Structures are given as C-alpha cells and as structure tokens.
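**Q** If you want UniProt numbering, it's the 1-based position in the sequence shown plus 12. Every residue, glycine too, gets a C-beta built ideally from N, C-alpha and C. Nothing here was measured: the structure is a model prediction, and the numbers come from that model.
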Amino acid sequence: PGQARMALRGDILYFLRDPGWSEDATGAVRFEPDGWLLIEQGRVHAVRPADEPPDASWARQDWRGHLVMPGFIDTHVHAPQLDVIASFGAALLDWLERYTFPAEARYADPELSQLGAERFLQALLAHGTTSALVFATVHKTSSEALFAVGQRLGMRLITGKVLMDSNCPADLRDDVVQAEQDCIDLIERWHGVDRLAYAVTPRFAATSSAAQLTMAGGLLQRYAQRAGGLYMQTHVAENCDEVRWIAELFPDSRSYLDVYDRRGLLTRRSILAHGIWLDDTDRQRMAQTGSSIAFSPSSNLFLGSGLFDWAKAEAAGVSVAPASDVGGGTSLCQLRTLADGYKVLALQGQRMTAWQGLYAATRGAARALDLEHEIGHFAPGTAADVVVWRWAEGAVQQRRQDMARSLHERLFAWMLLADERNVAATYVLGQLRYRPG
Ligand code: GUN
Ligand code: ZN
Numbered sequence: 013p014g015q016a017r018m019a020l021r022g023d024i025l026y027f028l029r030d031p032g033w034s035e036d037a038t039g040a041v042r043f044e045p046d047g048w049l050l051i052e053q054g055r056v057h058a059v060r061p062a063d064e065p066p067d068a069s070w071a072r073q074d075w076r077g078h079l080v081m082p083g084f085i086d087t088h089v090h091a092p093q094l095d096v097i098a099s100f101g102a103a104l105l106d107w108l109e110r111y112t113f114p115a116e117a118r119y120a121d122p123e124l125s126q127l128g129a130e131r132f133l134q135a136l137l138a139h140g141t142t143s144a145l146v147f148a149t150v151h152k153t154s155s156e157a158l159f160a161v162g163q164r165l166g167m168r169l170i171t172g173k174v175l176m177d178s179n180c181p182a183d184l185r186d187d188v189v190q191a192e193q194d195c196i197d198l199i200e201r202w203h204g205v206d207r208l209a210y211a212v213t214p215r216f217a218a219t220s221s222a223a224q225l226t227m228a229g230g231l232l233q234r235y236a237q238r239a240g241g242l243y244m245q246t247h248v249a250e251n252c253d254e255v256r257w258i259a260e261l262f263p264d265s266r267s268y269l270d271v272y273d274r275r276g277l278l279t280r281r282s283i284l285a286h287g288i289w290l291d292d293t294d295r296q297r298m299a300q301t302g303s304s305i306a307f308s309p310s311s312n313l314f315l316g317s318g319l320f321d322w323a324k325a326e327a328a329g330v331s332v333a334p335a336s337d338v339g340g341g342t343s344l345c346q347l348r349t350l351a352d353g354y355k356v357l358a359l360q361g362q363r364m365t366a367w368q369g370l371y372a373a374t375r376g377a378a379r380a381l382d383l384e385h386e387i388g389h390f391a392p393g394t395a396a397d398v399v400v401w402r403w404a405e406g407a408v409q410q411r412r413q414d415m416a417r418s419l420h421e422r423l424f425a426w427m428l429l430a431d432e433r434n435v436a437a438t439y440v441l442g443q444l445r446y447r448p449g
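#1: Which complete beta strand (DSSP E) runs does the stretch 65-94 hold, if anything under 3 residues is left out?
#2: Tell me the rounded alpha-carbon separation between residue 141 and residue 335.
#3: Check this for me: beta carbons of residue 221 and residue 178, under 8 Å apart or not?
#4: Taking all protein chains shown into account, do 16 or more other C-beta atoms lie within 10 angstroms of the C-beta of residue 36, making it buried, or fewer, making it exposed?
#5: For the ligand GUN, any of its heavy atoms closer than 7 Å to the Cβ of residue 128?
#6: Out of 217, 225 and 155, point me to the one whose CA is closest to residue 194's CA.
#7: Use the C-beta contact count for residue 253: other C-beta atoms within 10 angstroms, 16 or more gives buried, fewer gives exposed.
#8: As an exercise, report each continuous alpha helix (DSSP H) stretch of at least 4 residues that is fully enclosed by the stretch 337-398, in chain order.
#9: Specify which residues have a beta carbon nearer than 6 Å to any heavy atom of the ligand FAD, listing them in chain order.
#10: Since residue 271 is in the alpha helix (DSSP H), which residue starts that stretch and which ends it?
#11: When you compare each of 415, 120 and 289 to residue 182 by their alpha carbons, which one comes out closest?
#12: Give every residue of the same chain whose Cβ lies closer than 8 Å to the Cβ of residue 165, excluding the five residues on either side of it in the sequence, and list them in chain order.
#13: Checking the sheet assignment: what are the DSSP bridge partners for residue 175?
#14: Helix, strand or coil for residue 151? Go by DSSP, reduced to three states.
#15: Can you find the residues in the same chain that come closer than 7 Å, C-beta to C-beta, to residue 30, ignoring five residues on each side of it along the sequence?
#16: Which residues does DSSP pair with residue 438 in a beta bridge?
#17: Using a threshold of 8 Å, state whether the C-beta atoms of residue 94 and residue 338 are closer than that.
Shown next as structure tokens:
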C-alpha cells in the first residue's frame, strides 16, 4: 500500500501514554514541530525531529505548518443515521420512533446499503476519523456493505448487524434463529479479514428478547478465540424514560447493565454507549469485565439525555472513549465531540485538558477497542492512519492561535474551535484517501 517509503513533514503530535487530567503532560505526549513522520509500506517506521531529515530514499510530502496526528477513532456511530442527523424536537424513545426506525427500514435494499456505506465511510475520512465501531441496521446487507467498502478503503472498521426482535416496527424485526445465522455468516466471512472485525450488536435491552440477548452472549463465547474475539456494542442507561422501561421489561435484573451482564455480554471488547445513569455497582462490573463506555456528549445534549460523569467512571477504573453517536449526535467530527464533551464536563466542575481529550480520541480509544498495538499513535509498526490538520481556518482561529503562549493553550483552542473544515488530508495505511475540494 502507498509508496514504499514516504516522509510527512509537519508538526507531529501523538501520545506515549495516558496523560491523566493534569495540564502538565510531560512524558505522556510527543510533539515534534516541523518533524518527520516516516512511513514504510503503510506502517509507521519512525518519528524524527526537524534536524534529522530522512535520506533521498524517502519521498517527501510537505505539510509544514500543519498539525499531523493519528486519525481519530469513533467508538460509537450509526452509519444509516446520516439520513436523520439533526432531526427536530424529540427525546430518545420518540426520536427512535419518529425518525430513526423509518430511516433504517430503507436499508433492507442492498443498493441503498451500498451507496449508504460509501457515503458514510467517505464522510468519516473527510471528518478526520480513520477507524470506527459502527452500528449498521438490522439487515444483513447493510453490514455486508460496510465491510466491503471498509475493506476497499483499507480501514480498521468494526461493525455488525443490529439485533432487534422486540418492541420495534415489523419491518425492522429479526428473530433469534435467523439473526444468529446472519451473524455467523457475517463473522465467518469478515471477522479478522484484513482490518475488519465483527461486533455483536444488540441495539439495546428494549428491542431484544431475553432469548436474543442469550444468543448474543453465546456468539461471544463461541468465537472468543477467533482473531482476538468478537466485539459487543450496545446502548445502556442513556435516558431516564428508557431506564424505567428496561426495569419494567426485565424486573429480575438488578439494573439496566445487569440485563447484559447476566447474558455474558460484558467483555474486554464490549463498548456500551452513554452510561449516564449507571450506579457504583454497575461501574464496578464494567471495570471488572474490562468493558468501556462510549461517551457521546453531542448526542446526550441534543437528545436531552443527561450529563455523563467521566470523573466517576475514571475513579471506578472504567475506560471511557469519546464517540459521535451520529445521528443522535450532530457531527461526525471528533473535535466537535470533544468540544461538547468539555462543556458537559464543565457543567459538573470537571475540566478536560486538550491532552486528555486528544488522547482519548486517539490512543485511549484504541486501548478501549483492544487495538493499541495497531492504531491511535505513531509507535513504529503501527498503521499509518494519519490526518493532517490546518491549525487555523479563518481569521478567528488564526488570531487565537497567534495569541497562544503554550502548546497546551494552542491545542486547547484548536480542539474547541477547529472542525472538519480544518482537515487538509487523510491517509489510511499511508494511502491518501481524502483531500478537500
Ligand atoms: N438506543 C437505542 N437505539 C439507539 C440509537 O439509535 N441511538 C441512540 N442514541 N440511542 C439508542
Ligand atoms: Zn447510538
């Protein structure tokens, strides 16, 4: 893939480890202003300072004056929901009924699924995201299309057919036996192929019967040894009405999270979106099982769901990674997710540094996905999934950058003010996959 040897010149930034919540990130971050990112056969070879330029065997790409970072990782996003992003006037349960379910029903059509997958993955790249954990729809064809396009683009992509056999429109309903067979077909065809992996995807406890959740847990068990194991993605404790409904549907469970826990759905590779209304016992179970929360501030604000308390999750040892949750969220751009995240946390007296935010959307997310060996930073041998950003787009951003006195101040202002319009180029495995215009 790509040229055999390529050297990107720019302001290179990535994380060596979790910087924590301090403004001092010494030892956790590497910044090489006007440095060199050496890429060989689609993998990172080295990062070098400005005064160690590579020899003539490296083809140069000049991004001087640009910020060069690992591509962002989105740990929770719905491909078909680009069709209903920014829909007016609803909270979670009526938003699903009014907008989301009708939109997803259209993806029974393979051609529409194919076009949707192309549009969605190109949009991710255009927004600076190179890897994602993605909800398809209940239709096998929608997840098939995402895998096929993701494979062609060389992306690290994790997705799966949505499981839903209860409390939903008839044209979106599967059943336990057919759903299991569809999952097995998709797993056998795609899991561990190139950079693709399968995620068992019960939509949420309300739309799966107990029998279907048990089947989902069985799949995780059955394939636990295949390519590091399957992923599990779902939603949990997002909205108060939803939480009450789950308690009615599953009266024997201690909590919403416990509905999943009892069926073996909490693993090291389980990512649960939201988790706003979890309690201490839930957080302990997540920490014990190594499962992670996809923090979706844009969605949580837009749907009026509530404020996620990151400090509590952190204190319990639960890993947290940011997610757009489009179309509940209103942007695919992880910088906008982080800007919303900062404000959600600020309302609770928590202050997310640029270090913590940018770490969480790159290496931290990679870690939550059990992929720290492959993505999210620039250690030698990792995939060269790289985004080149303009430090400033427009006079306001430029002025703020000019006034910044420290690297943290500069990055924080960038994190809050920049968006997808700042993307100058996106590379996947060292291949240029997106340039604006
Ligand atoms: N809970 C169940 N389905 C969904 C969905 O599509 N989006 C969000 N945000 N929450 C959900
Ligand atoms: Zn979601």
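**A** The relevant details are as follows:
#1: 71-82 and 84-90
#2: Stepping through the sequence shown from its first residue, residue 141 is reached at position 129. Stepping through the sequence shown from its first residue, residue 335 is reached at position 323. The alpha-carbon atoms of residue 141 and residue 335 are separated by roughly 11 Å.
#3: Position 209 of the sequence shown, counted from the start, is the residue given in the question as residue 221. Position 166 of the sequence shown, counted from the start, is the residue given in the question as residue 178. In contact: residue 221 and residue 178 (Cβ atoms closer than 8 Å).
#4: Taking the first residue of the sequence shown as position 1, residue 36 is located at position 24. So residue 36 counts as exposed.
#5: Here residue 128 refers to the residue found at position 116 when the sequence shown is read from its first residue. Flag unset: Cβ of residue 128 not near the ligand GUN.
#6: Residue numbering aside, residue 194 sits at position 182 when the sequence shown is read from its first letter. Answer by Cα proximity: 155.
#7: Your numbering for residue 253 matches position 241 in the sequence shown. Burial call: exposed.
#8: 346-358, 366-371 and 377-380
#9: As far as ligands go, the structure on display features the ligand GUN and the ligand ZN and does not contain the ligand FAD.
#10: Position 259 of the sequence shown, counted from the first residue, corresponds to residue 271. That run of the alpha helix (DSSP H) goes 268-273.
#11: Here residue 182 corresponds to residue number 170 of the sequence shown, with the count starting at 1. Cα-wise, what sits closest to residue 182 is 120.
#12: Locating residue 165 in the sequence shown gives position 153, counting from the first residue. Excluding residues within five positions, the ones whose Cβ falls inside 8 Å are 133, 137, 440 and 445.
#13: For this step, residue 175 is matched to residue 163 along the sequence shown. For residue 175, which the question treats as bridged, DSSP gives the partners 214.
#14: Along the sequence shown, one-based indexing puts residue 151 at 139. Coil at residue 151, not helix or strand.
#15: By 1-based counting over the sequence shown, the position of residue 30 is 18. Taken in chain order, the residues that qualify are 40, 371 and 376.
#16: Counting from 1 along the sequence shown, the entry for residue 438 is found at position 426. According to DSSP, residue 438 bridges with 399 and 446.
#17: Here residue 94 refers to the residue found at position 82 when the sequence shown is read from its first residue. Here residue 338 refers to the residue found at position 326 when the sequence shown is read from its first residue. Taking 8 Å as the Cβ cut-off, residue 94 and residue 338 qualify as a contacting pair.
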